[in-house]
Amino acid sequence: MGKTLFDKVWDNHIVTTIENGPQVLYIDKHLIHEVTSPQAFKELENRGIQLFRPKQVVATADHNTPTKDQHLPVKDALSKKQLEQLTENCKKNQIELYGLGHKYNGIIHVIAPELGITQPGMTMVCGDSHTSTHGAFGTIAFGIGTSQVAQVFASQCVITEKPKTMRITVNGKLSKGVLPKDVILYIISKLGTNSGTGYFIEYAGDVFENMTMEGRMTVCNMSIEMGARGGIIAPDQTTFDYIEGRKFAPKNEDFNKKVTFWKTLKTDTDAVFDAEYQFNASDISPMITYGTNPGMGIKINEKIPSENNKSFEKSLQYMGFEKGDSLINLPVNYVFIGSCTNSRIEDFRVVANYIKGKQKAKNVNALIVPGSHLVAKQIKEEGLQTIFEQAGFKLRQPGCSACLAMNDDKIPEGEYCVSTSNRNFEGRQGQGSKTLLASPLLAASVAIEGKIIDITKVL
Amino acid sequence: MEKFTKIISTAVPLPIENIDTDQIIPARFLKATDREGFGKNLFRDWRFHKDNSINDDFILNNDAYFGKILITGSNFGCGSSREHAAWAIHDYGFKVVVSSFFADIFKGNALNNGILPVQVSEDFLQILLKTTLSNPKSLILIDIEQQTITLEETKQSEKFEINPYKKLCIQNGYDDIDYLVSIKDKIEAYEAKKIEL
Ligand code: SF4
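Chains Y and G, in that order, are what the protein sequence lines are. When you line the first sequence up against the working numbering, it's residues 1 to 459, in that order. When you line the second sequence up against the working numbering, it's residues 1001 to 1197, in that order.
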């Protein structure tokens, strides 16, 4: 029987299998950030263990960082302390750090791919659930807890059970205005937030084959919102072209050699998955969420469904909606375009293209936060900055920002925010905030109109 | 890590599904650089109103309910990988979380911190929730060796799964780092022969 892409990469990284137990998986790249690493460094110190492979660790500061005046000292004392600890820990352990102010600084899941650190066939982990993003390159990448961060520091390995495999195939042609974000929101709304638990998902079919790397990253990013450990897409010419020439990409002959290997990374035709789902591209529309988990999504012109279930009702009550409501014409005062789901150059091109020559609505506070300094630079170079400024959008410096509101970028209590991020949990964007997840295009339209509109009617 | 083999305790029922890690411990409390003290902010925004006054409607604020066991609706711990969620639950005093379904990363984090995630059938979960809600004094016995969870009053019982390796770890207070450090030569041998597919 053939092997799946996932099996191939996984099996190639097994150091040993514990009798009756989990496996020891070797990790090629370990990404770290300021929030989930300090306790792991401490653990190592307490046990008197040396960091095993510092060269395979890359660090950034992103969760806690301000998006204004990054050249000034960080005002929040606790954030400042956490950032200083990261700097100190990296120095002590000889870890490459792209800290605040560094030209490569940005959200960890944006910078690793754009620097060419993420490559097909690798295993990658990070103390962050959206590590699944890197699967877009045919990489096994997943989030781990801080205890596991310490394990990887100590041994460059994690102890884990091999997940089951799932394949989600989407064939056909996407309609106008349907972006990768809509594809993944649609899939999650159909399968539910725990459908992927225990699985690693391969996305297959022409929709993903025709997607750019940015789009594939958006899709893989949200695999965790189905509960999956990660998502993976077979690398192809699009992948190789994206990697070539990037800072840490292999060069010349090495690159060609790698490509020969990368081309072998695909699921064999006779491989069998533990679960399979299929969808038609033509069934997918621009999506929006109405509840407090990413599975509570509808097509923009659909009505909120009726479910008789306490958790569902609690969720609607929090959001201020009723069963059967339509979201069209809902006034919205906040729009956030950013996060590791949608803060790459392509996302901002979509936004700029839509808002060019238009003005944001008076009631709207529209925040644009690039995923990295390199993206920010490109925004400037391509002239998008001018478009944003002329339309009245606020362009900030890179970071996680209002995705999880650990810095000052918070949505006020009771306010709706149409957000391109990945989680609409209660209070995620600030205490009492109400998040509606959507694509950058839909978010841009809300910023212009000051309310939710049926985007399919204006395209 | 502390070891444990058996627990008998009252429980706190929390019949809500899809409790995500942002509810268990909101992001604004993640700025600490230690593992201690997260218990006071466990379920912070459900336990307290925005003005920091106590929300009397939330079950953790009802003195009748207490114990080392937390019983929750399906898909507990979904969302972020923050281990702070497990630290908060542990620091608050829970040793066991019972649900009909756990999110992957949370399950691993719990086990790495000496919290036992006990997965039961949806039917048994409903019995447990109902019984403990109506009688907060109901005792529940968790036996790790036998892998059973029993409602003492009625002796209704169910077996639960636990990976044999993780079972040994919990019973002996042994953890993954100890193991990984002990196989360093194997890891180095792997690195030396690492070949591409
Ligand atoms: S942007 Fe949001 S989801 Fe992504 S790493 Fe940052 S906080 Fe996590």
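Note that the Cβ used here is the ideal one computed from N, Cα and C, for glycine as well. Here the structure is a predicted model, which means the values were calculated and not measured.
Simplified DSSP assignment, three categories, for G/Leu1197: Interpretation of G/Leu1197 is limited by its pLDDT of 44, a score under 50 that renders its predicted location unreliable; the figure taken from the coordinates is listed afterwards. It is coil, neither helix nor strand.
Bounding residues of the beta strand (DSSP E) (the contiguous stretch that carries Y/Ile304): Counting along the chain, Y/Ile304 sits inside no beta strand (DSSP E), nor does DSSP assign it H or E at all.
Heavy atom of ligand 1 within 7 Å of Y/His109 beta-carbon: It does: the Cβ of Y/His109 is within 7 Å (strictly closer) of some heavy atom of ligand 1.
Segments of 4+ residues assigned as alpha helix (DSSP H) that fall wholly inside the region 1027-1054 of chain G: Listed in chain order, they are 1044-1047.
Alpha-carbon to alpha-carbon, Y/Ser306 and Y/Asp76: Going from the Cα of Y/Asp76 to the Cα of Y/Ser306 covers about 43 Å.
Pairwise C-alpha distance: Y/Asn12 and Y/Phe273: Distance between the alpha carbons of Y/Phe273 and Y/Asn12: 18 Å.
Buried/exposed call for G/Leu1197, threshold 16 Cβ in 10 Å: Per-residue confidence for G/Leu1197 stands at a pLDDT of 44, beneath the threshold of 50, marking its modelled position as unreliable; no derived number is given.
For G/Thr1021, the first and last residue of its enclosing alpha helix (DSSP H): Counting along the chain, the alpha helix (DSSP H) containing G/Thr1021 begins and ends at Thr1021 to Ile1024.
Any non-hydrogen atom of ligand 1 within 7 Å of G/Asp1091 CB: Flag unset: Cβ of G/Asp1091 not near ligand 1.
Ordered list of alpha helix (DSSP H) runs contained in the region 1119-1168 of chain G, each at least 4 residues: The DSSP assignment places complete alpha helix (DSSP H) segments of no fewer than 4 residues inside the region 1119-1168 of chain G at 1122-1134, in order along the chain.
Nearest neighbour of Y/Ile108, chosen from Y/Asp128, Y/Thr435, Y/Tyr334 and Y/Asn333 [CA to CA]: Ranked by Cα distance from Y/Ile108, the options Y/Asp128, Y/Thr435, Y/Tyr334 and Y/Asn333 are led by Y/Asp128.
Helix, strand or coil at Y/Val125 [DSSP, three-state]: The answer is strand: DSSP assigns Y/Val125 an E or B state.
Neighbouring residues, chain G, relative to Y/Thr269 (Cβ below 9 Å): Chain order gives no chain G residues near Y/Thr269, where near means a beta carbon separation below 9 Å; the closest approach is about 17 Å.
Test: Y/Phe273 CB closer than 8 Å to a CB of chain G: No, its Cβ sits nowhere closer than 8 Å to a Cβ of chain G.
heavy atom of ligand 1 below 7 Å from Y/Leu437 C-beta: Y/Leu437: no, Cβ never under 7 Å from ligand 1.
Partner residues on chain G for Y/Asp128, Cβ-Cβ distance less than 8 Å: In chain order: Ser1080 and Ser1081.
Nearest neighbour of G/Gln1146, chosen from G/Ser1157, G/Lys1137 and G/Ser1138 [CA to CA]: Residue nearest to G/Gln1146 within the set G/Ser1157, G/Lys1137 and G/Ser1138 is G/Ser1157 (criterion: CA-CA distance).
Any C-beta of chain Y under 8 Å from that of G/Leu1197: Residue placement at G/Leu1197 is poorly supported in this model, since its pLDDT is 44, which falls under 50; the coordinates still yield a value, given next. Interface residue, yes.
Nearest to Y/Ala61 (by Cα), restricted to the options Y/Pro440, Y/Ser37 and Y/Leu72: It is Y/Ser37.
Cβ-heavy atom distance, Y/His63 to ligand 1, below 7 Å: Shortest gap from the CB of Y/His63 to any heavy atom of ligand 1: under 7 Å.
Neighbour flag for G/Ala1192 against chain Y, beta carbons, 8 Å: Using a Cβ-Cβ cut-off of 8 Å, G/Ala1192 does not count as an interface residue toward chain Y, since no Cβ of chain Y sits closer than that to its own.
Contact under 8 Å by Cβ, G/Leu1180 with Y/Gln151: Yes, these two residues count as a Cβ contact at 8 Å.
Check whether Y/Lys8 and Y/Leu265 have beta carbons under 8 Å apart: For Y/Lys8 and Y/Leu265, yes; Cβs fall inside 8 Å.
Cβ shell of Y/Asp236 (< 8 Å), same chain only, five flanking positions each side left out: Closer than 8 Å at Cβ, skipping near neighbours: Glu209.
beta-carbon Y/His130 near ligand 1 non-hydrogen atom, thresh 7 Å: Yes, ligand 1 has a heavy atom inside 7 Å of this Cβ.
Cβ-Cβ distance between Y/Leu465 and Y/Ala59 below 8 Å: Outside the modelled stretch of chain Y, which goes from 1 to 459, sits residue 465 of chain Y, for which no answer is possible.
Under 9 Å (Cβ pairs) to chain Y, residues found in the region 1023-1040 of chain G: Gln1023, Pro1026, Ala1027, Arg1028, Leu1030, Lys1031, Ala1032, Thr1033, Asp1034 and Arg1035: these are the residues of the region 1023-1040 of chain G whose beta carbon lies less than 9 Å from some beta carbon of chain Y, given in chain order.
Which residues DSSP lists as bridging Y/Gly371, in chain order: Under the DSSP definition of a beta bridge, Y/Gly371 lacks any partner.
Close-in-space but distant-in-sequence residues of the same chain around Y/Leu100 (CB under 8 Å, 5 per side omitted): Taken in chain order, the residues that qualify are Ala61, Thr65, Gln70, Val74 and Leu83.
Closest residue to G/Ile1016 among G/Phe1029, G/Asn1052, G/Lys1003 and G/Ile1059 (Cα-Cα distance): Considering only alpha carbons, the answer is G/Ile1059.
Alpha carbon of Y/Gln317 to alpha carbon of Y/Lys310, nearest angstrom: For Y/Gln317 and Y/Lys310, the gap between their C-alpha atoms comes out near 10 Å.
CB contact below 8 Å: G/Ile1183 versus chain Y: Interface annotation, G/Ile1183: in contact with chain Y, CB-CB separation under 8 Å.
Residue burial classification, Y/Leu25 (beta-carbon count within 10 angstroms, cutoff 16): Counting the other Cβ atoms within 10 Å of the Cβ of Y/Leu25 gives 16 or more, which makes it buried.
Any chain G beta carbon closer than 8 Å to Y/Lys314: So yes, Y/Lys314 belongs to the interface.
Under 7 Å from the C-beta of G/Phe1043: neighbouring residues of chain Y: Against chain Y, a Cβ distance below 7 Å from G/Phe1043 picks out nothing, because the smallest value is about 11 Å.
G/Ile1024 beta carbon less than 8 Å from that of G/Val1098: No; because the gap between Cβ atoms is not below 8 Å, this pair is not in contact.
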